[in-house]
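Numbering (the UniProt record's numbering), first residue to last: 1 to 118.
For glycine and all other residues, C-beta sits at the position ideal for the given N, C-alpha and C.
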Amino acid sequence: MKKYKIINKFVTIILALFIPLFAFSGCSSNNSTSNNQNSVKKVTNKDEIKKTYDADLKKLEKDSTITKEQSASVLNALMGTVNKATGNTPKAALDKLVKEKVITQDQENKIIDALKIK
């Protein structure tokens, strides 16, 4: 009986020490994995944004709202705001195209509506 009490105490002490150790080590390894996943998502989001913008601009081309050249200019300007951390908004990029007379104000408004830009 005394032998079982010693073994029981030993097992209890071991469990009391290792359970918190495993719990904390499991939590810390999870965070590094999630950080790697977030960086992959950012790359995917840029590609997704470009595809979405391109598809919506193609619709405007079909409606004869904008030309192919204007569509390419708009896409380049919008992706420039996505790729660079300049603080420029998509609206600011479109405003610049209006100032440069690449697109008209009416076309800008239709692009904003089509792309759901704030």
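Of 69, 7 and 19, the smallest CA-CA separation from residue 103 is found for 69.
Going by C-alpha positions, residue 109 is about 53 Å away from residue 24. Annotation for residue 59: 114 place their beta carbon closer than 8 Å to its own, counting only its chain and skipping 5 residues before and after. Taking the CA atoms as reference points, residue 16 sits about 10 Å from residue 10. If you check the CB distance, residue 116 and residue 79 do not come in under 9 Å. Burial is judged here by how many other beta carbons sit within 10 angstroms of a residue's own beta carbon; residue 57 has at least 16 and is buried.
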